[in-house]
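From first to last, the protein sequence lines stand for chains H and D.
According to the numbering used here, the stretch in the first sequence is residues -17 to 96, in order.
According to the numbering used here, the stretch in the second sequence is residues 52 to 165, in order.
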Amino acid sequence: DAGVTQSPTHLIKTRGQQVTLRCSPKSGHDTVSWYQQALGQGPQFIFQYYEEEERQRGNFPDRFSGHQFPNYSSELNVNALLLGDSALYLCASSLMAGTEQPQHFGDGTRLSIL
Amino acid sequence: AQSVTQLDSHVSVSEGTPVLLRCNYSSSYSPSLFWYVQHPNKGLQLLLKYTSAATLVKGINGFEAEFKKSETSFHLTKPSAHMSDAAEYFCVVSGGAGFQKLVFGTGTRLLVSP
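Below is the structure:
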């Protein structure tokens, strides 16, 4: 049973560029959440997708956008990259059945902005 | 709004001695609480969860946590530390009111010496 898989594992971009990160949820899960983890900090919630719609959003600018596909996989897009966007981006999947459902995390994509 | 406070940024123990990682929470709702562990350059692994059932929660790898509503605490313990326990630990509260947004503490780095 495959867990949450993310690609790529590492990425290097320059300021102003655009990036797309991908996530496949754990088998049987229908909800995908994205988190940003800056170095030495705890993860910060970016947004959550369910039924191909953004259901919740954290305190992130519109440069951060996403998409969920019919097979429940998801993409995170970041436009006009800034140095401060350098971070580990984590995808988590779960069942949309209440707050008690634990989220399962992938190993993340390490994004470095030069 | 939900929040958690991890009271120690670093905890150092010797192998074979008890571990105590402290967490206080704030929640407008009956909270769902979690502990996650993160090993270097890896994603987050769920250790245990509290969802209003038994107040003493047992998790993986010998960890357990006790939910104390009167003290708004959810401390993580383990009777005997192992070298492989060295990692970053995050106390997490769920967003409440049907939302699955996770709010992370700032983390506690556990150091285990021989």
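The beta-carbon is built from N, C-alpha and C at its ideal position, and this holds for glycine as well.
To which residues of the same chain is residue i closer than 8 angstroms at the C-beta, ignoring the five residues directly before and after it?
{"i": "D68 (chain D)", "result": "Note that residue 68 (chain D) is Thr in the sequence shown here, rather than Asp. Contacts found: S131, A132."}
{"i": "D59 (chain D)", "result": "L72, R73, T159"}
{"i": "L77 (chain H)", "result": "G10, H11, D12, T13, Q83"}
Does the beta carbon of residue i sit closer than 8 angstroms to a beta carbon anywhere in chain H?
{"i": "L84 (chain D)", "result": "no"}
{"i": "G156 (chain D)", "result": "yes"}
{"i": "F141 (chain D)", "result": "yes"}
{"i": "G94 (chain D)", "result": "yes"}
{"i": "Y109 (chain D)", "result": "In the sequence on display, residue 109 (chain D) carries Lys and not Tyr. No, its Cβ sits nowhere closer than 8 angstroms to a Cβ of chain H."}
{"i": "K119 (chain D)", "result": "no"}
{"i": "L71 (chain D)", "result": "no"}
{"i": "K129 (chain D)", "result": "no"}
Quick check on residue i - is its C-beta less than 8 angstroms from some C-beta in chain D?
{"i": "P52 (chain H)", "result": "no"}
{"i": "S76 (chain H)", "result": "yes"}
{"i": "Q23 (chain H)", "result": "yes"}
{"i": "L3 (chain H)", "result": "no"}
{"i": "Q18 (chain H)", "result": "no"}
{"i": "T(-13) (chain H)", "result": "no"}
In chain order, what residues of the same chain have a beta carbon less than 6 angstroms from the beta carbon of residue i, not counting five sequence neighbours either side?
{"i": "S63 (chain D)", "result": "L162"}
{"i": "L61 (chain H)", "result": "Leu is not the amino acid found at residue 61 (chain H); the sequence shown has Asn there. Excluding residues within five positions, the ones whose Cβ falls inside 6 angstroms are Q0, R45."}
Might you give, ordered along the chain, the residues of its own chain that have their beta carbon closer than 7 angstroms to the beta carbon of residue i, omitting 5 neighbours on each side?
{"i": "S97 (chain H)", "result": "The requested residue 97 (chain H) does not occur in the structure, where chain H is confined to residues -17 to 96."}
{"i": "Y32 (chain H)", "result": "D12, T13, M78"}
Compute the Euclidean distance between the alpha carbons of residue i and residue j, then round it to the nearest angstrom.
{"i": "D89 (chain H)", "j": "K93 (chain D)", "result": "5 angstroms"}
{"i": "L63 (chain H)", "j": "R45 (chain H)", "result": "8 angstroms"}
{"i": "G66 (chain H)", "j": "E115 (chain D)", "result": "36 angstroms"}
{"i": "Q18 (chain H)", "j": "Y71 (chain H)", "result": "5 angstroms"}
{"i": "E117 (chain D)", "j": "N59 (chain H)", "result": "39 angstroms"}
What whole-angstrom Cβ distance do residue i and residue j have, given they're in contact under 8 angstroms?
{"i": "Q53 (chain D)", "j": "P82 (chain D)", "result": "7 angstroms"}
{"i": "Q96 (chain D)", "j": "V108 (chain D)", "result": "Actually they are not in contact, since the Cβ atoms of Q96 (chain D) and V108 (chain D) sit about 16 angstroms apart, beyond 8 angstroms."}
{"i": "Q30 (chain H)", "j": "S15 (chain H)", "result": "4 angstroms"}
{"i": "T106 (chain D)", "j": "N75 (chain D)", "result": "Actually they are not in contact, since the Cβ atoms of T106 (chain D) and N75 (chain D) sit about 15 angstroms apart, beyond 8 angstroms."}
Is the stretch -13 to -4 of chain H touching the stretch 40 to 54 of chain H in the sense that three or more CB pairs, one from each, lie closer than 8 angstroms? no
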